[in-house]
Amino acid sequence: MIRYLTVSLLFVFFMLVASTAFAQRNPAKGADEAFDRKQYSIALDRYKKAYGKVKKNAPEKDRINYRMAECYRFTGSYKRAEAGYRKVLKAGFQERNPEILLTYADLLKMNQKYPEAIEYYNLYTEKVPDDPRGPAGAATTAAIEEWLANPSRFEVTVLKKVNSRAADFAPAWASNNYNEVIFTSTRDGSTGKDKDGWTSQSFSDLYSARLDRNNQWSTPVLLDDTETLNTKANEGAPFMNSSFNTLYFTRCNNLPGQESGCQIYTSSRSGRSWSNPVAVQIKGVDSLDVIGHPSLSQNELIIYFATDRKGGSGGKDIWMAMRDSKKAPFNRPLNIGPVVNTKGDEVFPFLRNDTTLYFASNGHPGMGGFDIYVTAIDTSGNWGTPTNLKHPLNSINDDVSIVFHPTEERGFFSSNRENTKGVDNLFYFIEPPVLFTLAGTVKDEKTQQLIEDASVKLIGSNGSSVTTRTNDKGYYMFGESQLSKNTTYEIIFDKPNYFTKSLVETTVGVEFSRDFVKDIQLEPIPQKPIPLPDILYDLARWELKPQYEDSLQGLIETLQQNPTIIIELASHTDSRDIDERNDILSQRRAQSVVDYLIIRGIDPERLVAKGYGERVPRVIENDFAVNDKVLKAGAILTEEFINSLATNEEKEAAHQLNRRTEFRVLSKDFVPKAANQPVAETVAVVINPDDNQVDFTIASDGSFQAECFIDGFATPFIYNRSAKPAISLKKALEFLQKGIISVDNIVGEDKSVIQVGTIANGAVFSLKEVGLANKTLKNVEVVVDHKLEVPLVVGQSLLERFGSFEFDTKNRKLIFK
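Here the numbering used here is used: the first residue of the sequence shown is 204, the next is one more, and so on.
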């Protein structure tokens, strides 16, 4: 039926009086005449009768089979058309006309026979390699199942109370309240008693329907029952201007015995009355031309329409024309170009806000039949490559004549998709708002009991901040009004006598509504010291090795998330030296941890270093296995206990357990310093200032490679004299995961450069601290480069900020003076 609306309504050609007599020599003559007049329903019946009369004339039988297949195709009987085309292919028609392969592939696709469709698209490409429709058809057919499985956000509803058993299509908004629609229909009750020879349905008229206060559609009625607008001819494809007082529509006259075309008419509304329609004047277009489907700019000085006039791309194309005033005729029309128009048909243009054009096409790659596409015009007046609106706006059948609300993502379109019985129906569509909620429960990590009255704070990268509390079941929730699109949130969980924890969630890149769930367990602040992961030192040394700095990352996060606690860093040795040396060594080791935490930005007033030497032996909290021996929970690793162990291996394991670093919370009332002013860039000497040089290697390409420390994390870099500091995407994502960078480090206002699983190329971050040799820089800006294959690149400009330097290539040293 869409074939009807795109050709019959728009392209009723030369309606001549049909001859009812069949010539004896050509039984199909009457059928051919009806076919040529686009009266496919009449032609089909006549071809069926003629087929039995051609007897042994095999070529004529093949020709009639082809014509019948075309009649089925044009009247929307695609399965019968497919069967007819199989007969045509067996007769070898594709050798003379390769496009039969393309049409057959289209039919297979519409009938959901995708592998076969791809096969015939490829056969067509072999025959006509320069036609892009072959490979494009194969590619989109292969993608259909993915499109169906991953639809767009639009929701589609059939307008059951508006549609009829006949064709209902080509809608248009009819009032500034956007609660009324005008559309085209061939239903019973239309003006005139004749039937259209193409479809055997009534000639089309304009109808209207309105939404009532209960959001229910009224029964459609003729837009005009005085034969002012609706006549015995075909009227349809309406368009209302922005003031909703002027109607443009298509009329295809049906004048017996005369040639007649399709023209665009206009009529003005006054109350419920309409003025006599007058043809829109376009230079170079006369009453015998076939044009229609009007859509106009907001000032009504530019008109877009569909036609198959000369100068097009092959089928029916979209053209445009301009005029100087509403009362002036339009100038000669211009084809809008091959970016939009194809060898197929482009119809039903709809201009939205003067910059965006929606249209239907069977020439661009699509799901089947006609699909709906969108394109936008640039500042130079060029249309961009059309985009398929995909499922559910498009289907494997015909989808056309879309119209949008001017400011909202909703509107109407027409389709003969599945469950419409092959008849055009009106559909309503809407893109629902993307809404988010966030909820979860808070538990005690040790007891697994729900925590009541915990504070949950939601801080957004858009500047928003809202707090709620858990109920008696430990449940919290933030509603749809409290979360926004394209925003990254920090969720901070806090309860007295528990460590504060935070989580991150983001709506950046989330295209569909989602209910986020974030459950968390809070750790009670213990009275006993908490051992840190193993930190090993060289014999009788206290310097913190870079490879053990990662062991402190969890503690750093705890301190950052709990800015009011003061902790003691306690270091313990084993008992295999004298007490005095063990006390000194453990104190220095505890201080080295404190010094590192200060480098990582922790306020020194929150840190107390304490060396206990061997005076506080470890208490085993859980059974600890050493080969076949188990150190039982509760055992105290005193020197006496260790000496009682049977083997040296067991003794060594016990000594190693005693060598540990712990922390415990001393108080919870520290008042953080105000951080209103940015930290100025400084160069500071770090711990152990006895080395002003860095080893480097020379790569096969001649570049110098060395290692720096970013927020205490060892990071290799390449020196490129002219380069500005740049970081690879992989390393940037690693830093993001470790908390070295976050949205707070982004340089600029655009926080959306951080998205799920990636960071935008060219994004700039400010690194809190970069250390090299015995010097440190703060607030170093670095750009993310997706093409960078090494973790980090620095140049002369950055090294000079550390101070004067030179490369000693003989000894492979980077030396700062």
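Glycine is no exception: its CB is placed at the ideal position from the N, C-alpha and C atoms.
Practice prompt. Give the DSSP bridge partners of H775, in chain order.
Written response: Translated into the one-based positions of the sequence shown, residue 775 becomes position 572. DSSP output for H775 lists G816 and R863 as bridge partner(s).
Worksheet item: What residues in its chain sit with their C-beta under 6 Å from that of P766, if we drop five residues either side in the sequence?
Response: As a position in the sequence shown, residue 766 is number 563, starting the count at 1. Cβ neighbours of P766 beyond the five flanking positions: P875.
Discussion item. I want to know whether the stretch 657 to 672 touches the stretch 624 to 631 - three or more CB-CB distances under 8 Å.
Written reply: no
Discussion item. Using only the alpha-carbon positions, how far apart do L939 and S945 sit?
Written reply: For the purposes of this step, residue 939 is taken as the residue at position 736 of the sequence shown. For the purposes of this step, residue 945 is taken as the residue at position 742 of the sequence shown. When rounded, the distance between both Cα atoms is 6 Å.
Item to complete: Could you check how far apart the C-beta atoms of G464 and T387 are, in whole angstroms? I think they sit under 8 Å.
Response: Along the sequence shown, one-based indexing puts residue 464 at 261. Along the sequence shown, one-based indexing puts residue 387 at 184. Contact flag wrong, Cβ pair sits at about 18 Å.
Item to complete: Please classify N700: is it buried, with 16 or more other beta-carbons within 10 angstroms of its beta-carbon, or exposed?
Response: Locating residue 700 in the sequence shown gives position 497, where the first residue counts as 1. Burial call: exposed.
Worksheet entry | Assumed close pair F696, K704 - CB separation to whole angstroms, cut-off 8 Å | Taking the sequence shown and counting its residues from 1, the one referred to as residue 696 is at position 493. Taking the sequence shown and counting its residues from 1, the one referred to as residue 704 is at position 501. The Cβ separation is near 5 Å, so the contact holds.
Item to complete: Taking 8 Å as the cut-off, decide whether the C-beta atoms of L686 and F639 are in contact.
Response: On the sequence shown, residue 686 is found 483 positions in, with the first residue counted as 1. On the sequence shown, residue 639 is found 436 positions in, with the first residue counted as 1. A contact, by the Cβ cut-off of 8 Å.
Practice prompt. Check V996 in the structure and name its three-state DSSP category.
Written response: Mapped onto the sequence shown, residue 996 falls at position 793. Strand, per DSSP.
Practice prompt. Please classify S955: does DSSP put it in a helix, a strand, or coil?
Written response: Within the sequence shown, numbered from 1, the residue matching residue 955 stands at position 752. Of the three classes helix, strand and coil, the one that applies to S955 here is helix, per DSSP.
Worksheet entry | Residue from G757, D777, E648 and D782 with nearest C-alpha to D722 | Taking the sequence shown and counting its residues from 1, one reaches residue 722 at position 519. Nearest C-alpha to D722: E648.
Fill in: Runs of beta strand (DSSP E) lying entirely within the stretch 529 to 587, each at least 3 residues, in chain order
549 to 555, 559 to 564 and 574 to 579
Fill in: Local Cβ density within 10 Å of V483, reported as buried at 16 or more and exposed below that
Taking the first residue of the sequence shown as position 1, residue 483 is located at position 280. It is buried - the Cβ of V483 has at least 16 other Cβ atoms within 10 Å.
Practice prompt. Spatial neighbours of L1017 within its chain, please: CB distance less than 7 Å, with the 5 preceding and 5 following residues excluded, ordered by chain position.
Written response: Mapped onto the sequence shown, residue 1017 falls at position 814. These residues qualify, in order along the chain: Q896, V897, F899, A909, F1008 and F1010.
Worksheet entry | Exposure label - T510; buried when at least 16 CB within 10 Å | Numbered from 1 along the sequence shown, position 307 holds the residue referred to as residue 510. By the 10 Å Cβ count, T510 comes out buried.
Worksheet entry | For K293, the first and last residue of its enclosing alpha helix (DSSP H) | Position 90 of the sequence shown, counted from the first residue, corresponds to residue 293. First-last of the alpha helix (DSSP H) with K293: Y281 to K293.
Worksheet item: Between S498 and P536, is the Cβ-Cβ spacing less than 8 Å?
Response: Working through the sequence shown from its first residue, we reach residue 498 at position 295. Working through the sequence shown from its first residue, we reach residue 536 at position 333. The answer is no: Cβ separation not under 8 Å.
Worksheet item: Going by other Cβ atoms of all chains shown within 10 Å of its Cβ, with 16 needed for buried, is R809 buried or exposed?
Response: In the sequence shown, the residue the question calls residue 809 occupies position 606. Buried, since its Cβ has 16 or more Cβ neighbours within 10 Å.
Worksheet entry | Straight-line gap, S774 to V637 (C-alpha atoms, nearest Å) | Sequence index remark: in the sequence shown, residue 774 carries index 571 (1-based). Sequence index remark: in the sequence shown, residue 637 carries index 434 (1-based). Those two C-alpha atoms are separated by around 53 Å.
Worksheet item: Can you pull the DSSP bridge partners for N628?
Response: As a first step, residue 628 is located in the sequence shown; it is residue number 425 there, counting from the start. S618, per the DSSP bridge assignment.
Practice prompt. Would you decide whether P1054 is buried or exposed? Buried here means 16 or more other CB atoms lie within 10 Å of its CB.
Written response: Residue 1054 lies beyond the range of the chain shown here (204 to 1020); nothing can be said about it.
Worksheet entry | D601 beta carbon less than 8 Å from that of N622 | Working through the sequence shown from its first residue, we reach residue 622 at position 419. Working through the sequence shown from its first residue, we reach residue 601 at position 398. Cβ atoms of N622 and D601: not closer than 8 Å.
Discussion item. Suppose only complete runs of 3+ residues qualify. What are the beta strand (DSSP E) ranges in the stretch 909 to 988, listed by chain order?
Written reply: 916 to 922, 929 to 931, 967 to 975 and 978 to 988
Discussion item. Quick check on M218: does DSSP put it in helix, strand or coil?
Written reply: Your numbering for residue 218 matches position 15 in the sequence shown. At M218 the pLDDT is 29, less than 50, meaning the model places this residue with poor confidence; the figure from the coordinates comes in the next sentence. Note: M218 maps to coil in three-state DSSP.
Item to complete: Measure the alpha-carbon distance for E771 versus A743 and round it to whole angstroms.
Response: By 1-based counting over the sequence shown, the position of residue 771 is 568. By 1-based counting over the sequence shown, the position of residue 743 is 540. Approximately 22 Å between the Cα atoms of the pair.
Discussion item. On a Cα-Cα basis, can you pick out the residue from D780, V796, G757 and I769 that is closest to W745?
Written reply: Here residue 745 corresponds to residue number 542 of the sequence shown, with the count starting at 1. Among D780, V796, G757 and I769, the Cα nearest to that of W745 is on V796.
Worksheet item: Are at least three pairs of beta-carbons, each pair with one atom in the stretch 753 to 768 and one in the stretch 841 to 858, less than 8 Å apart?
Response: no
Worksheet item: Looking at the unbroken alpha helix (DSSP H) that takes in P318, where does it start and where does it end?
Response: Your numbering for residue 318 matches position 115 in the sequence shown. That run of the alpha helix (DSSP H) goes Y317 to K330.
Item to complete: Report the partner residues of N300 according to the DSSP bridge assignment.
Response: Numbered from its first residue, the sequence shown carries residue 300 at position 97. In the DSSP output, where bridge partners are listed per residue, N300 has none listed.
Fill in: Closest by C-alpha distance to D428, when choosing among T449, L414, L450 and G392
As a working mapping, residue 428 is identified with position 225 in the sequence shown. Residue G392 is the option with its Cα nearest to D428.
Worksheet item: Is P807 buried or exposed, if buried means 16 or more other CB atoms sit within 10 Å of its CB?
Response: Start at 1 with the first residue of the sequence shown, and residue 807 comes out as number 604. Result: exposed.
Worksheet item: Can you tell which of A966, K941, D953 and D914 has the C-alpha that lies nearest to the C-alpha of I930?
Response: In the sequence shown, the residue the question calls residue 930 occupies position 727. Looking at the Cα atoms, A966 is the closest of the given residues.
Worksheet item: Between Y410 and A377, what straight-line distance do the alpha-carbon atoms span, to the nearest angstrom?
Response: Against the sequence shown, residue 410 aligns to sequence position 207. Against the sequence shown, residue 377 aligns to sequence position 174. Approximately 11 Å, taken between the alpha carbons.
Worksheet item: Considering only residues of the same chain and omitting the five flanking positions on each side of V996, which have a CB-CB separation below 6 Å?
Response: For the purposes of this step, residue 996 is taken as residue 793 along the sequence shown, with counting starting at 1. Only I921, N923, A926 and A929 meet the Cβ criterion.
Worksheet item: Leaving out the 5 sequence neighbours to the left and right, which residues in its chain are closer than 7 Å to I728 when beta-carbon positions are compared?
Response: As a position in the sequence shown, residue 728 is number 525, starting the count at 1. If we look at I728 and ignore the five residues flanking it on each side, its Cβ neighbours are N700, Y701, F702 and V868.
Discussion item. Would G915 and I802 qualify as a contact pair, given that the criterion is a beta-carbon distance under 8 Å?
Written reply: Against the sequence shown, residue 915 aligns to sequence position 712. Against the sequence shown, residue 802 aligns to sequence position 599. Yes, they are a contact pair.
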